[in-house]
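Visitor: Attaching a single structure in structure tokens format; questions to follow.
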Amino acid sequence: PTPCLCREGGGRRLGAQRRSRDPSPSRGHQGGRWDWSCPEMRRRLEELYFREQDYIRAGSEDSRQFWAFFERLQRFQTLKAEGELAPRAPPARADPSAALGLAGLPQEYDPRYRINLSVLSGDVEGLAQGRSGGPRRGPGVPAERLSQFRAALLHYLDFAQKQSFAKLAKLQRERAALPIAQYRDRLLRAVAQNQVVVVAGDTGCGKSTQVPQYLLAAGYSHVACTQPRRIACISLAKRVGFESLHQYGAEVGYQIRFESTRSLATKIVFLTEGLLLRQVQRELALPGYQVLIADEVHERHLHSDFLLGVLRRLLPSRPDLKLVLMSATINIRLFAGYFGGAPVVQVPGRLFPITVVYQPIPQEEAAASGKPERLDPRPYLRVLQAIDHKYPPEERGDLLVFLSGVAEIGAVLEAAQAYATHTQRWVVLPLHSTLSLAEQDKVFDMPPSGVRKCIVSTNIAETSVTIDGVRFVLDSGKVKELSYDPQAKLQRLQEFWISRASAEQRKGRAGRTGPGVCYRLYAESDYDAFAPYPVPEIQRVALDALVLQMKSMGLGDPRTFPFLEPPPQSSLEMAVRYLREQGALDEAESLTPIGSLLAQLPVDVVIGKMLVLGALFGLAGPVLTVAAALSVQSPFLRPVRANPDCATARRPLESPHGDPLTLLNTFNEWVQVKSEWAGGSRKWCRRRGLEEHRLYEAANLRRQFQELLRDHGLLEAVQGPRDSYARQSRHRVRQELHRLQRRHEETEGRQRKVLKLQGGEAGSSSDEGEGARSAGPPGVDIQVRGRGPQCGAEGPPRLTAHWGQSQHQELSTAMSSPRQ
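Numbering (our numbering), first residue to last: 15 to 834.
Structure, rendered in structure tokens:
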């Protein structure tokens, strides 16, 4: 075999010169310098110490960090040894500690030597010396080098442990410095003495992460905290698990649709409001909880208001159940009065001074835009120019722009990126729910030195996402909200002025880490004319699904239900009439058999009716797919600028019969690609501008719908795939799910990155040396679980373009459930 030249200068020396009796790593340079960077030497050392069962595994992030530490340690020891090589007088008598050195034992006690390493058995020592019984793959590792390497490994483990303890100590100091920490005892006394407590805290006070931990430490062993959004459940569970040292345990978990880390050992669970309502539907008394925390109740979502009404009726029958309402300092008296004058614990925020600058858009400029449907980006560019002119680039501080929708983001993004290309001072990033997860995650990365981030966002950044480093906020004053049109009998997104409370929430994003500036593109008189609070969702959307759920829970007449703020009586009457027309309620307004089935489907009444009709028409397969695809966010990403290649690749998927069948084609083709080319589905999705995670969500929801229909006898039970093709397809999809799961676990604590400038856009990022993201602000990472999609009774998937006219007609009939 070719000898390994692990010594600098060629490496062939006599045996006496190759052996050093001194195990001290600081003197390992004597007797010839050793080349630790030799690939063969590193491979052998990793075989010895970085095995699969060891604390550090070869190829892992820990091993990469160790080798970087090892190189720095070698440089330090070389410099230190060079300073110690000055001539010195020989010792007068023999040093007794020399025997310890000859025996390979440390001469001085150090706590790091208590760390257990792999025990080198005779076989492993033989492998180290190249005496293994197998084929010899190269020279062995000299004993003194093993001693040096083991000492370096102990140094690294000790260093890593001290770093971890330093992070924990810093974390505990940060927790103690949160405003909510000063109110801990007062909060716990209020919970002990009252069944309902309201906690009102401004942005940054720490209520969402600390209150569940305070309650757990006080002896409440089963705590549930509801959140309006799934991303908040995941990020809060990770953060609380990290702070409570249960990051890899089961004591803190989350539960959302398709995903759950909850187990019998879970004591704090974060879950969505809709999921808790489903649990109430199964067990009205909620016996598994001691404390319920309803967070972000000030947002007044439909499920949030309904949940408060359900809990108000539940509390008299569960005197042992505690309820904590957590809200921003918005309309606190409304929530306290709703629960009979519940005590309020008001916690101040930790905001720095914020300067408000009103810059209303001139009327003549707004009238001269020429295209009222397209937003004029000039007022937004003026703010970027003002920041560049007034604040030097050395002063850190990013800009967060609030716009009403994706189209408006596209108009501003295009102009801002052109400006950034010219100045080389900005990285411009979009943020909205239809972006891919990787694109959303870029907003948490750091810009290069001397460059600012400009994040152009919808109101998702108002409460759901917290981005550190924001110093400037640009508020358009607009928001798009769902509203119900009784004439067209449709729900649609419409643009409205925001409320004063929302304007204050947006302004507060500029003052979390230092003094900030909030630019408002409207006049102060406009601000004064805003409504004080947002219109509750329950007063502006259709209530069909809500009334159906109330009927299935046995809550009686919805007209007499004690809502926090009742919806218009006409909306309730319209919902009851519509459910009667759909056959979900009879003339006595009681649930029919089909109504009971529809109430168990976590979808809109129209989609639920489509599922039932599809099963009756014998078109369960395609209808299951369409219903699932329509119930999750669209997998089609919205590129800001037209992409001809993407449009060309999408064209074969498009159906002349409408968007639902285009979704059906897309899903079926994706399943086909995964069954034939397991690792190529990501590339296939990227070429067509598809977010694969949405397709996985649709696959999970499709399976859920399928099981519900089978449970109610609308589909025959299928024991398993009928042929080898279907079995192979399921196996490959399951393998892909497991691969995505492993990749997520490996990258869960990814480090924050530094963005690169590429024409004002965010290019590929490079790792930053310090600071893991897992301990930083909540990320947007998502875990994929569940079985792969099944083709059902229809056999292998196919494009609907090959169907006949009669098949299209039957499917259209099954999917038709119009409002009458």
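Cβ atoms here follow ideal geometry from the backbone N, Cα and C, with glycine treated the same way.
What does the alpha-carbon distance come out to for the pair residue 504 and residue 589?
Guide: Distance between the alpha carbons of residue 504 and residue 589: 13 Å.
Visitor: Within 10 angstroms of its Cβ, does residue 485 collect 16 or more other Cβ (buried), or is it exposed?
Guide: Answer is buried; the Cβ neighbour count reaches 16.
Visitor: Could you spell out the range, first to last residue, of the beta strand (DSSP E) harbouring residue 369?
Guide: That run of the beta strand (DSSP E) goes 368–372.
Visitor: In terms of residues, what are the limits of the beta strand (DSSP E) holding residue 607?
Guide: From DSSP, residue 607 is part of no beta strand (DSSP E) but of the alpha helix (DSSP H) over 607–614.
Visitor: When DSSP labels each residue in this structure, what does residue 631 get in the three-state scheme?
Guide: Three-state DSSP puts residue 631 in coil, outside helix and strand.
Visitor: If we count the other Cβ atoms within 10 Å of its Cβ and call it buried at 16 or more, is residue 538 buried or exposed?
Guide: Classification of residue 538: exposed, given that the 10 Å Cβ count is below 16.
Visitor: Would you tell me roughly how many angstroms separate the C-alpha atoms of residue 595 and residue 466, rounded to the nearest one?
Guide: Answer to the nearest angstrom: the Cα atoms are 56 Å apart.
Visitor: Where does residue 705 sit, in a helix, a strand or coil, going by DSSP?
Guide: Note: residue 705 maps to coil in three-state DSSP.
Visitor: Using only the alpha-carbon positions, how far apart do residue 163 and residue 174 sit?
Guide: Taking the straight line joining both Cα atoms gives about 16 Å.
Visitor: Under a three-way DSSP split, which group does residue 699 fall into?
Guide: In the structure shown, residue 699 sits in a helix (DSSP, three-state: H, G or I).
Visitor: Quick one: is residue 220 buried, meaning 16 or more other Cβ sit within 10 Å of its Cβ, or exposed?
Guide: It is buried - the Cβ of residue 220 has at least 16 other Cβ atoms within 10 Å.
Visitor: Looking at the unbroken alpha helix (DSSP H) that takes in residue 689, where does it start and where does it end?
Guide: Its alpha helix (DSSP H) spans residues 673–690.
Visitor: My assumption, with CB atoms under 8 Å, is that residue 650 sits in contact with residue 703. Please give the rounded CB distance.
Guide: Confirmed, Cβ separation roughly 6 Å.
Visitor: Grouping DSSP H, G and I as helix and E and B as strand, with all else coil, what is residue 298?
Guide: Coil at residue 298, not helix or strand.
Visitor: If you measure between the beta carbons of residue 366 and residue 522, is that distance less than 8 Å?
Guide: For residue 366 and residue 522, no; Cβs fall outside 8 Å.
Visitor: In this structure, does DSSP put residue 516 in helix, strand or coil?
Guide: Three-state result, residue 516: helix.
Visitor: Taking the alpha-carbon positions, what's the residue 275 to residue 265 distance?
Guide: About 10 Å.
Visitor: What is the residue span of the alpha helix (DSSP H) that residue 393 lies within?
Guide: Residues 392–404.
Visitor: Could you compute how far the alpha carbon of residue 244 sits from the alpha carbon of residue 394?
Guide: Looking at the two C-alpha atoms, the distance is approximately 31 Å.
Visitor: Where does the unbroken alpha helix (DSSP H) through residue 247 begin, and where does it stop?
Guide: Unbroken alpha helix (DSSP H) run through residue 247: 244–257.
Visitor: Measure the C-alpha to C-alpha separation of residue 516 and residue 310 and round it to an integer number of angstroms.
Guide: Looking at the two C-alpha atoms, the distance is approximately 13 Å.
Visitor: If you follow the alpha helix (DSSP H) that residue 226 is part of, which residue opens it and which one closes it?
Guide: Residue 226 -> alpha helix (DSSP H) spans 221–231.
Visitor: State buried or exposed for residue 336, treating a residue as buried only when at least 16 other CB atoms are found within 10 Å of its CB.
Guide: Its Cβ being crowded by 16 or more others within 10 Å, residue 336 is buried.
Visitor: In the structure shown, what three-state DSSP assignment does residue 715 receive?
Guide: Reduced to three states, the DSSP call for residue 715 is helix.
Visitor: Excluding five sequence neighbours on each side, which residues of the same chain lie with their C-beta closer than 6 Å to the C-beta of residue 290?
Guide: Closer than 6 Å at the Cβ level, and outside the excluded window around residue 290, lie 240.
Visitor: So residue 433 and residue 398 are supposed to be a Cβ contact under 8 Å. How far apart are they, rounded?
Guide: That pair is a contact at about 6 Å.
Visitor: So, under 8 Å CB-CB, residue 684 and residue 709 are touching, yes? Tell me the CB distance rounded to an integer number of Å.
Guide: With 8 Å as the limit, residue 684 and residue 709 qualify as a contact, their Cβ atoms being about 5 Å apart.
Visitor: When DSSP labels each residue in this structure, what does residue 444 get in the three-state scheme?
Guide: Correct three-state label for residue 444: strand.
Visitor: Where do the ends of the beta strand (DSSP E) carrying residue 283 lie?
Guide: From DSSP, the beta strand (DSSP E) with residue 283 extends over 282–286.
Visitor: For the alpha helix (DSSP H) that contains residue 55, what are its first and last residues?
Guide: Segment 53–63, the alpha helix (DSSP H) holding residue 55.
Visitor: Along the chain, where does the beta strand (DSSP E) containing residue 210 start, and where does it finish?
Guide: From DSSP, the beta strand (DSSP E) with residue 210 extends over 210–215.
Visitor: Count the CB pairs spanning the segment 419–439 and the segment 456–471 that are closer than 8 Å, and state whether there are at least three.
Guide: Short answer: they touch.
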